[in-house]
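S.K.: Below are the structure tokens for one structure; questions will follow.
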Ligand code: SAH
């Protein structure tokens, strides 16, 4: 089968890594699992060895959907869908999400997961290593790091070299696991996101160039700091002041 670059099709061939991904999802009897980007079903087949009750596979490419439909198991349901847009909570209230994600839309898919956090307690994702590190707070942080970490604890599980994939991608890969926090803030996600993208734009500029100084002072933040110097708590506190005062 001819693989499509535009869809980020790099199939994971290592049975060891596939098994690690499935195990990291901590699947228990009765669980509903949603796999994103099933491809030819390498991970799908390994997931079916776990005690899943229901396995939804989201796949954007019709040719891949045909491949996936060859898997004969009553627990599986293949859906043709764009996982960066899909209403994930339409699949259930308590979902385990997993995928060797297409790297070109990996961040968009993670964003969609955050927007559906109410039905997703746990997820395990393979991403471009740089993105995986960034999201787990190990690299240069970005607005999506803050958005994701506000709702989830993020663990960097391991790095995976290109040779484990067919065709090998140009970049290293990294596996992360996210677990929803016990206490999650109540806030309007769209508004929180636009607040974050706003203060992360022109990151070298001091915060006082982007927000009113009294707002920063009210939140107990030095107006001369730059965005990358803030902690997760700082972002939330600042956003709360901003919501009330803007
Ligand atoms: N899980 C497989 C394939 C991973 S490659 C394996 O590990 O071998 C990524 C897969 O995601 C491809 O099959 C690609 O067609 C699919 N994909 C790309 N963009 C997508 C999107 N927006 N929504 C859902 N699937 C997508």
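In my numbering, the protein residues as written are 171 to 416.
Glycine included, C-beta positions come from ideal geometry on N, C-alpha and C.
With DSSP as the reference, label residue 357 as helix, strand or coil.
M.R.: In the displayed model, residue 357 falls within coil according to three-state DSSP, outside both helix and strand.
S.K.: For ligand 1, is there a heavy atom less than 8 Å away from the beta-carbon of residue 177?
M.R.: yes
S.K.: Does the distance between the C-beta of residue 125 and the nearest non-hydrogen atom of ligand 1 fall short of 8 Å?
M.R.: Missing from the structure shown is residue 125; the chain here goes from 171 to 416 and no further.
S.K.: Below 8 Å, is the gap between the Cβ of residue 254 and the nearest heavy atom of ligand 1?
M.R.: yes
S.K.: Would you mind sorting residue 176 into buried or exposed? The rule is 16 or more other CB atoms within 10 Å of its CB.
M.R.: exposed
S.K.: Looking at C-alpha atoms only, which residue of 238, 218 and 344 is the closest neighbour of residue 245?
M.R.: 218
S.K.: Taking the alpha helix (DSSP H) that residue 409 falls in, what are its first and last residues?
M.R.: 402 to 415
S.K.: Could you tell me whether the Cβ atoms of residue 386 and residue 378 are closer together than 9 Å?
M.R.: yes
S.K.: Consider the C-beta atom of residue 205 and the heavy atoms of ligand 1; say whether any pair is separated by less than 8 Å.
M.R.: Taking the Cβ of residue 205 as the reference point, at least one heavy atom of ligand 1 falls within a distance shorter than 8 Å.
S.K.: Provide the residue span of the beta strand (DSSP E) that contains residue 226, from first to last.
M.R.: Unbroken beta strand (DSSP E) run through residue 226: 222 to 229.
S.K.: Check residue 201 in the structure and name its three-state DSSP category.
M.R.: In this structure, DSSP gives residue 201 an extended state, which the three-state scheme calls strand.
S.K.: Give me, in chain order, the residues of the same chain whose beta-carbon lies closer than 6 Å to that of residue 325; leave out the 5 immediate sequence neighbours on both sides.
M.R.: 347
S.K.: Would a C-beta distance cut-off of 9 Å place residue 392 and residue 415 closer than the cut-off?
M.R.: no
S.K.: Return the chain-ordered list of same chain residues with a C-beta closer than 7 Å to the C-beta of residue 220, the five sequence neighbours on each side being excluded.
M.R.: 192 and 197
S.K.: Would you kindly work out how many angstroms separate the C-alpha atoms of residue 381 and residue 185, rounded to a whole number?
M.R.: 50 Å
S.K.: Can you look up residue 269 in the DSSP assignment and give me helix, strand or coil?
M.R.: Strand at residue 269.
S.K.: Nearest by alpha-carbon distance to residue 349: which of 298, 199 and 267 is it?
M.R.: 267
S.K.: Would you kindly work out how many angstroms separate the C-alpha atoms of residue 355 and residue 372, rounded to a whole number?
M.R.: 27 Å
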